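Data block below; observations after.
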Amino acid sequence: MNSIKFSVVIPLYNKSECIERTIKSVLEQSYPADEIVIVDDGSTDDSVAKVEALNVPNLKLIHQENQGVSAARNTGAQHCSNEYMAFLDADDTWTPFFLSRIVELIGRFPNMGLYATRYQKVHGDNEFQDAKIALTKWDACGYEMDNYFAVAASGDLPFTMSSIVVSKPVFHELGGFPRGEWMGEDQSFYINFAMYSRIAYTPVIESFYYQGTQNSACDKSPPQQLCPFAERLLTDIKEDRVAEKMKPMVLKYVGAHICDLAKRHIQHRSLEYAAQLLTHPASRKKPVHWSYYKFIALPLAYITKLKGA
């Protein structure tokens, strides 16, 4: 298995406070990475200086004007020398056994396009929380995940960008990371592999996903439309580009996105738009969430409208 070589792609934009921690987690791997490719996406802080100060011999530092994380990852992939590419965000980390775990998966499942492990969320600096993943198998040695949409629709996503390794040929075949999508770029990427390639997965936690404060996601104003990946999936279903056996899972996945979006709008008091979202037929594929949010949104929207009148 020593013939397997990994390139690690790290997109970097103003991560001075954590980039050293991230790089050190790569350097501490029990199965060493062959190269680290860091793409500086126009940082304006001292992130680059901290990378250079580490003086890592197998590290490539690429500079580009700020174009966004998807463009940075695509640039990194272009500079990778190896067949297997790991993507690690500049504020996340691995356990020392992440790459060795992926080597085991490759040995068992050599023809996959994507290899992934489970992860933990980290709030602040040291509050660790298991992701709520609705896994149907718990084989630590790994298995082929053929129900990505069903798993992702029933809880947290089964993996993050920092807990995956992809085959470089498959990556290029599927077009890499989408550019120009205002939200949900990572999910668009995962969906391509779930629909047009194969995924090997282990439920062993080998990655840490840093989220800052626990409520930071709720503080952001939610979008006023479905994410591009959801719109695209609905179009694919309508135009029969989704296999029949996958349609129920894909619709549930879109329904989960709609219900989550409705929840965020309720939190931000955008009650009429939340109620409007819940009229979408796909939202009923998550009946418990649909009923709960509709019970909240519709009466409050009605009361708000009366007060306005």
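Residue 161 in full-length UniProt numbering is what sits at position 161 of the sequence shown, and the numbering runs on without skipping anything.
Ideal placement from N, C-alpha and C gives every residue a C-beta, glycine not left out.
Note that the structure is predicted; figures quoted are calculated from it, not measured.
Asked, Found
"If you pair each beta-carbon of the stretch 169-184 with each one of the stretch 269-282, do three or more pairs fall below 8 Å?", "no"
"Could you pull the start and end residues of the beta strand (DSSP E) that residue 329 belongs to?", "No statement about residue 329 is possible, as the shown extent of the chain runs from 1 to 309 and does not include it."
"Isoleucine 23 and valine 39 - do their beta-carbons sit closer together than 7 Å?", "no"
"Which class does tryptophan 138 belong to by DSSP, given the choice of helix, strand or coil?", "coil"
"Please list, in chain order, all residues of the same chain as serine 197 whose beta carbon is under 6 Å from its beta carbon, the five residues on each side excluded.", "Gly113 and Val170"
"Assuming histidine 123 and glutamine 211 make a contact with CB atoms under 8 Å, what is their CB distance in whole Å?", "6 Å"
"What's the C-alpha gap between valine 250 and leucine 233?", "7 Å"
"Three or more C-beta pairs closer than 8 Å, one from the stretch 132-143 and one from the stretch 76-96: is that the case here?", "no"
"Take the Cβ of lysine 238 as the centre, count every other Cβ of all protein chains shown within 10 Å, and call the residue buried at 16 or more, exposed below.", "exposed"
"From which residue to which residue does the alpha helix (DSSP H) around glutamine 267 run?", "247-267"
"Leaving aside the five residues before and after valine 242 along the sequence, list all residues of the same chain whose C-beta is less than 7 Å from its C-beta, in chain order.", "Asp236 and Val250"
"I want to know whether the stretch 253-265 touches the stretch 280-292 - three or more CB-CB distances under 8 Å.", "yes"
"Considering only DSSP beta bridges, list what leucine 61 is partnered with.", "Ile38"
"If we ignore side chains and look at the alpha-carbon of each, how far apart do glutamate 28 and asparagine 82 end up?", "20 Å"
"Is tryptophan 94 close to chain D? Criterion is C-beta to C-beta, closer than 7 Å.", "Within the model displayed, chain D is absent; a lone protein chain is all it includes."
"Using 8 Å for Cβ pairs, my map puts methionine 85 next to valine 166. What's the rounded Cβ distance?", "6 Å"
"To the nearest angstrom, how far is it from the Cα of serine 188 to the Cα of phenylalanine 177?", "8 Å"
"Whole angstroms is fine: what's the gap from leucine 261's alpha carbon to tryptophan 94's?", "30 Å"
"Pull up the CB-CB distance for valine 37 and lysine 60, whole angstroms please, since I reckon it's below 8 Å.", "5 Å"
"Roughly how many angstroms lie between the CA atoms of isoleucine 164 and histidine 265, to the nearest whole one?", "31 Å"
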